[in-house]
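Here is the structure we will look at, set down as structure tokens.
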Amino acid sequence: MSDNDLVVQMKGITKVYPNGIAANQGVDFNVKRGEIHALMGENGAGKSTLMKMLFGLEQPTEGEIIINGEKVSLSSPTIAISKGIGMVHQHFMLVPSLTVAENMVLGMEPKQGNKLFINYKKAVEITEEYSKKYNLYVDPHAKVRDIPVGMKQKVEILKALVRGARILILDEPTAVLTTQETEELFKELIHLKEQGYTLIFISHKLNEIKQITDRLTILRGGKFMGVHETAEISKEEISHLMVGRDVVLSVEKEQAQPTDVVLRVRDLEYTNEWNKKMLDKISFDVRKGEILGIAGVEGNGQRELVEMLFNLNVPDNGSAKVNGKNVLGRPQREIRDMGVSLIPEDRMTFGIAGAGTIEENLMSDRAANKKYNNGPLFNLKAMHEDSDQLIKDYNVLCKSRKQQVGMLSGGNIQKVVVAREFSSDPILIIADQPTRGIDVSAIEFIHKKLVQLSREGAAVLLVSADLNEVMELSDSLIIMNNGRIAAYFEDTSVLNDTIMGEYMLGLKQQSDEEIRGVLHGE
Amino acid sequence: MENKRQNMFEIFRGFIAIAIAILVAFILIVICADDPGKALECLLIRPIISNGALNVKSIFTILARMTPIIFTGLAVCVMFSANQFNLGGEGAVMLGGFIAALIAIYLPMATGVHALVAILAGTIVGGLVMIVPAVIKVKLKASEMVCSLMMNYVIMFTILHFLNNVFPDRSKGATQTYPFLETALIPKMVPNTELAWGFVAAIIATILVAFFMYRTRWGYSIRMIGINESFSKYSGMKVGGIIILSQVIGGMLAGMGGAIEMLGRYNTFLWKDLPGYGWTGITVAILAKNNPVMIPLAALFISYLNRGCELMSIYAGVPAEMIDIIQAVIFLFFAAEHFLSGTRQKIVVKDAKEEMQKKELATAGEGGNA
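One line per chain: the protein sequences are A and B, in this order.
For the first sequence, position 188 matches number 189 in the numbering used here, and the numbering has no gaps at all.
For the second sequence, position 46 matches number 760 in the numbering used here, and the numbering has no gaps at all.
Okay, structure coming up:
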């Protein structure tokens, strides 16, 4: 393979963010002309960072970028676009109140003869021309806020093409699409490829990658894990390279002895602001001493469910009670005082105050407790002692309790969150993606703690998109699909990936009778 | 402490900002002064040393002028720590001063008690007005910045109305109130200087605010909300209440500053415009990086520059507006996050690389066992 075939060469790219996190460490990334190239990795593996550098949104700390054989310095997206690079962001960069045609020409508007006003007719013509040429149907006159997600994505792709992009970066394009829309998108992408465009496809969905890409590059923890011909590598190998563990981490746990119902959820319903029904009559019980897992492809209502239980959002209908007391719409203080703990999915937004110290983060839910106050002043001695103890018990690697939490690694940040949430004597622990994007030793640690707490009598609701995790940890399991409970399994030992997959993807649906098994009493 | 290198750099960055500001000032001085050498001497040296001897009187003046801006600096520090960009300090200062003045004129009391009551009243009223932007922010999500900024003028013109139409001393040529009763005046610390006991109050306030911010649950909540509001809410803090509290405390500090300034330096109320301490307080708080303990130092710096510029305008014919230019330049360089960010990034990269190397060594060691 000569270098001439390569449209994009990124050599030895290192990126250190101002907060000290090294998101990429000596990454090599090469893309051949006219291929669909997948960039794979777990959340936090450094995929987005690498692509941001290719699109000029971030600058590499070290390394060089070569486009079409020419060494370039991509200091802004404008320059990247001029080199023929286009990016379709996961979160669309469109102006909702403008029409499709207006969005298409934003920043490069065709002018009327007098140079003052936009030639809207011309904008529509351009839109229609490109729409036809690339087989991407859009309605030029529709306002962007009124069109469906799939069409918005097409507008984004067309926008990049109108600006002369020959290399298209697609950042998790299927994350927001339905199955049919995804199929349609793939046809369009292959059509683009046939016309000589180069596509970089960021994803962590193995099936999609296998379906449409030619080659793939894998990143793990900011490091380059190799480049492969898609046809020559199995899904198992890919997943091994991405995750870095082929042994399913097994957790030893005794048989659960569930007793009273702690969390009782009935008929929760929620329709989001885009009019999508995210929760459709969700009912279940979690009992003292058991771990109830919720599995499902992300975006099927799990996040919304957790938000409702901790009043980060309010449902349209239904009830949720902890030991008989309503939690919906109640202040977080009150929910916590009932004995509910939450490991939030988005740890940087909800889990920690990054610029605060480890101690300040460990104390956030209990700083007002009598134990830590002498009259108006803090009892610093008690705080220091307990913080040091928690740091020790939860094995947080740090220099001292005074270290800034945002400077720790993902795994250690999560340990700080977990230390706080597990140490408040919770009767109900809601763990939402508790081990996402963290290192194996931290994962093992958190798994052990979760099991231990449940066996000591806490009720645990575990929400995870990681199949190994939910299957290993849960005593019983719910699978969510499209805002509904697709299946309930009293015993998780009968499960495997195939069975789970069928329910997760909506190929199968248990009867109401079977699902009702998750309701204990009443 | 962790990341010594990065902390050292922050201090270094502060000094560079100040040095550049003074350099810019120097260029302007050279352009507009008849005798730049003398002007510089006035700016930098004469505030403390004049004619080879310690300029004692001037030093006391510098200290005296620190008093109100320590208060407003603390006020801004508390509010900005909660991420509340409330600019109402200006109005709260004027109102605190006005209320204290009214009590000093119309409510006779015993010496000592009188001043305390007047200051207390100014403090409370300063806190009360800040409830307006704070509650509007929490309940209606309207920007506290816009609201408090507008409120300053509402307060100013309301006071002017009362000053002109209700409480004026018609026997005087200028618009002013009747003189304060002797009992309400804050005594001077050093006779025949501007320095009153209010300065000590400002230092005590600094210590109290520092304790409040770092040793109490309310101060802690204020800081955590400032860092990450979602996190604070999720942790169970009463975010709305704390946001209101931070602004009320800010208003109280500003009001107290206004009252103390009024009773310590004047004997009748004659402010016809916003006094400017609120704005200066923002500069002071930014210089101090919202750290209450650093507020008096920052105030000293500003006060010193102020005095230097005043002397420059008296003895070297340089316009007094120079201080505003210098302040603006310092403000710019301090507030500009990216100033010297390249150097900072290099330090961060170096630290991160050392970490990575350490980690690799550690894992290599473990690998040996596996």
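The C-beta atom is built at its ideal place from N, Cα and C for all residues, glycine as well.
Residue i CB to nearest chain A CB: under 8 Å?
i, result
"V792 (chain B)", "no"
"R979 (chain B)", "no"
"F871 (chain B)", "no"
"R727 (chain B)", "no"
"A1066 (chain B)", "yes"
"Q798 (chain B)", "no"
"R669 (chain B)", "In the structure displayed, chain B extends from 715 to 1084; residue 669 (chain B) sits before or after that span and is not available."
Quick one: residues in its chain with C-beta nearer than 7 Å to the C-beta of residue i, no 5 flanking neighbours on either side, listed in chain order?
i, result
"V738 (chain B)", "V1043"
"N301 (chain A)", "M481, N482, N483 and G484"
"G1031 (chain B)", "A747 and D748"
"P750 (chain B)", "I743 and V744"
Going by the CB atoms, is the gap between residue j and residue i shorter than 8 Å?
i, j, result
"D498 (chain A)", "L468 (chain A)", "yes"
"K123 (chain A)", "V139 (chain A)", "no"
"I168 (chain A)", "T199 (chain A)", "yes"
"F351 (chain A)", "S935 (chain B)", "no"
"L977 (chain B)", "I900 (chain B)", "yes"
"V846 (chain B)", "Y991 (chain B)", "no"
"I82 (chain A)", "V73 (chain A)", "no"
"I743 (chain B)", "L809 (chain B)", "no"
"A383 (chain A)", "Y395 (chain A)", "no"
"P316 (chain A)", "L329 (chain A)", "yes"
"S764 (chain B)", "L801 (chain B)", "no"
"I203 (chain A)", "L171 (chain A)", "yes"
"L95 (chain A)", "Y131 (chain A)", "no"
"G70 (chain A)", "L220 (chain A)", "no"
"Y271 (chain A)", "L280 (chain A)", "yes"
"F490 (chain A)", "L478 (chain A)", "yes"
"Q890 (chain B)", "F983 (chain B)", "yes"
Helix, strand or coil, according to DSSP, for residue i in the structure here?
i, result
"T272 (chain A)", "strand"
"V298 (chain A)", "coil"
"D6 (chain A)", "helix"
"N497 (chain A)", "coil"
"G950 (chain B)", "coil"
"S320 (chain A)", "strand"
"L40 (chain A)", "strand"
"Q26 (chain A)", "strand"
"V248 (chain A)", "The predicted position of V248 (chain A) is uncertain, since its pLDDT is 44 and thus under 50; no value can be drawn from it."
"R167 (chain A)", "coil"
"G933 (chain B)", "helix"
"M870 (chain B)", "helix"
"F881 (chain B)", "coil"
"E338 (chain A)", "Per the sequence shown, the amino acid found at residue 338 (chain A) is Asp instead of Glu. Three-state result, D338 (chain A): helix."
"L75 (chain A)", "coil"
"F446 (chain A)", "helix"
"G1082 (chain B)", "Residue placement at G1082 (chain B) is flagged as unreliable, the pLDDT there being 37, under the threshold of 50; a coordinate-derived value is accordingly withheld."
"R146 (chain A)", "helix"
"I762 (chain B)", "coil"
Would residue i pass as an interface residue toward chain B - the criterion being a Cβ-Cβ separation below 8 Å?
i, result
"A459 (chain A)", "no"
"T62 (chain A)", "yes"
"A369 (chain A)", "yes"
"Q415 (chain A)", "no"
"F379 (chain A)", "yes"
"I1 (chain A)", "Here chain A has residues from 2 to 523 only, and residue 1 (chain A) is not among them."
"P1 (chain A)", "Since the first residue shown for chain A is 2 and the last is 523, residue 1 (chain A) is missing from the structure and cannot be characterised."
"H437 (chain A)", "First, the amino acid is wrong: residue 437 (chain A) is Arg here, not His. So, not an interface residue."
"T231 (chain A)", "no"
"D247 (chain A)", "Per-residue confidence for D247 (chain A) stands at a pLDDT of 44, beneath the threshold of 50, marking its modelled position as unreliable; no derived number is given."
Short of 6 Å in beta carbon distance, which residues of its chain neighbour residue i, apart from the five on each side in sequence? Order them along the chain.
i, result
"M54 (chain A)", "P61"
"R979 (chain B)", "none"
Assuming residue i and residue j make a contact with CB atoms under 8 Å, what is their CB distance in whole Å?
i, j, result
"M1008 (chain B)", "L757 (chain B)", "The pair is not a contact, with the Cβ atoms about 23 Å apart (cut-off 8 Å)."
"A466 (chain A)", "V307 (chain A)", "That pair is no contact at about 13 Å."
"M823 (chain B)", "T930 (chain B)", "32 Å between Cβ atoms; not a contact."
"V452 (chain A)", "L474 (chain A)", "7 Å"
Enumerate in chain order the residues of its own chain whose CB-to-CB distance from residue i is below 8 Å, with the five nearest sequence positions on each side excluded.
i, result
"L909 (chain B)", "F774, T775, L777, A778, K902 and M903"
"T920 (chain B)", "I784, L788, P1006, V1007, I1009 and P1010"
"P1033 (chain B)", "C746 and S1027"
"E360 (chain A)", "M384, H385, S388, R402 and K403"
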